[in-house]
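Working notes, beginning with the structure itself.
Residue numbers (our numbering), protein chains in the order written: chain A, 230 to 374; chain B, 230 to 374.
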């Protein structure tokens, strides 16, 4: 019977993080800060923020698949004129194996001119012990131009 | 000790649906079919597919908050010329209390002319025993026009 107690305790401990609906805003805010810093420094190594099987679902194209292609896309976006990205997490909770984040982005050009602002949903998953972006979709909140 | 066994069994049974990462594509496909049917019939009662605290994050505006406002929005979209919506679930899994769906949409006008196609992420939650849309974001895959 001692084993039942041990097994049930182990089950409780291992299943708790997935079972509980947990506020993970602090984790997401820290990860977003690292993302913004790396982007502002030239958008080099942005692939490290995404899982190998990630999908970046940006407007006006099919989804970009995989962290390598996504990294190249951010470099292209930076070189095309978006010099800084601001990400603001509004909510972030853990559900099962994932974090679900909803937030607002703002994109800035040279001299900190605001170029765009909009909203996003990001699904984060753990890969090699770190939370990485697994699904990432956004759209503008500005009227059509 | 008998109680430990009963309690651990109860815990296992009640936590399993949330703990397991479960393919829910069939559930989502059925719900999407009901959504498409209601939309094609004039987009009346679309509020019933969304939770009271839902957010519809459509492009070119701030998020629309709550099922009532979202219902009115769909009626407006229908009257403005989008007569049919096709939703195709690509993946749908349960994580914790939510279903996460990724899919492709196509919008049709009069005479089934294709007006737009794009991608979406939908987060579903249970409300009064039914799965309803809680967070819903989409963007076009067509080039800017």
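Virtual Cβ for every residue (Gly too), placed ideally from N, Cα, C. As the structure is a prediction and not an experimental result, all values here were calculated from the model.
TODO: Mind checking who residue 361 of chain A pairs with in its DSSP beta bridge?
DONE: A:354
Task: Residues that residue 314 of chain B contacts on chain A, provided the C-beta gap is smaller than 9 angstroms - done: Chain A residues near residue 314 of chain B: none, gap ~17 angstroms exceeds 9 angstroms.
Open item on the list: Here's the rule: buried if 16 or more other CB atoms are within 10 angstroms of the residue's CB, otherwise exposed. What is residue 317 of chain A?
Closed with: exposed
Open item on the list: Could you compute how far the alpha carbon of residue 263 of chain B sits from the alpha carbon of residue 328 of chain A?
Closed with: 29 angstroms
TODO: Step through the CB atoms of chain A and report whether any lies within less than 8 angstroms of the CB of residue 355 of chain B.
DONE: no
Task: DSSP three-state assignment for residue 368 of chain A, whether helix, strand or coil - done: strand
Open item on the list: I want to verify the contact list: residues of chain A whose CB lies under 9 angstroms from the CB of residue 361 of chain B, in sequence order.
Closed with: The contacting residues do not exist; residue 361 of chain B stays about 16 angstroms from chain A at best.
Open item on the list: On the CB-based measure, 16 or more other CB atoms within 10 Å of its CB, does residue 245 of chain B come out buried or exposed?
Closed with: Because the pLDDT at residue 245 of chain B is just 46, under 50, the model does not fix this residue reliably, and the point stays unresolved.
Task: residue 312 of chain B, DSSP secondary structure in three states - done: Assigned with DSSP and collapsed to three states, residue 312 of chain B falls in coil, not helix or strand.
- [ ] Run down chain C in chain order and give the residues with a C-beta less than 7 angstroms from the C-beta of residue 290 of chain B.
- [x] No chain C appears in this structure, whose protein chains are A and B.
- [ ] Tell whether a beta-carbon distance below 8 angstroms holds between residue 350 of chain B and residue 363 of chain B.
- [x] no
Open item on the list: So, for residue 343 of chain B: in the same chain, excluding its five sequence neighbours on each side, which residues have a beta-carbon less than 8 angstroms away from its beta-carbon?
Closed with: 335, 336, 337
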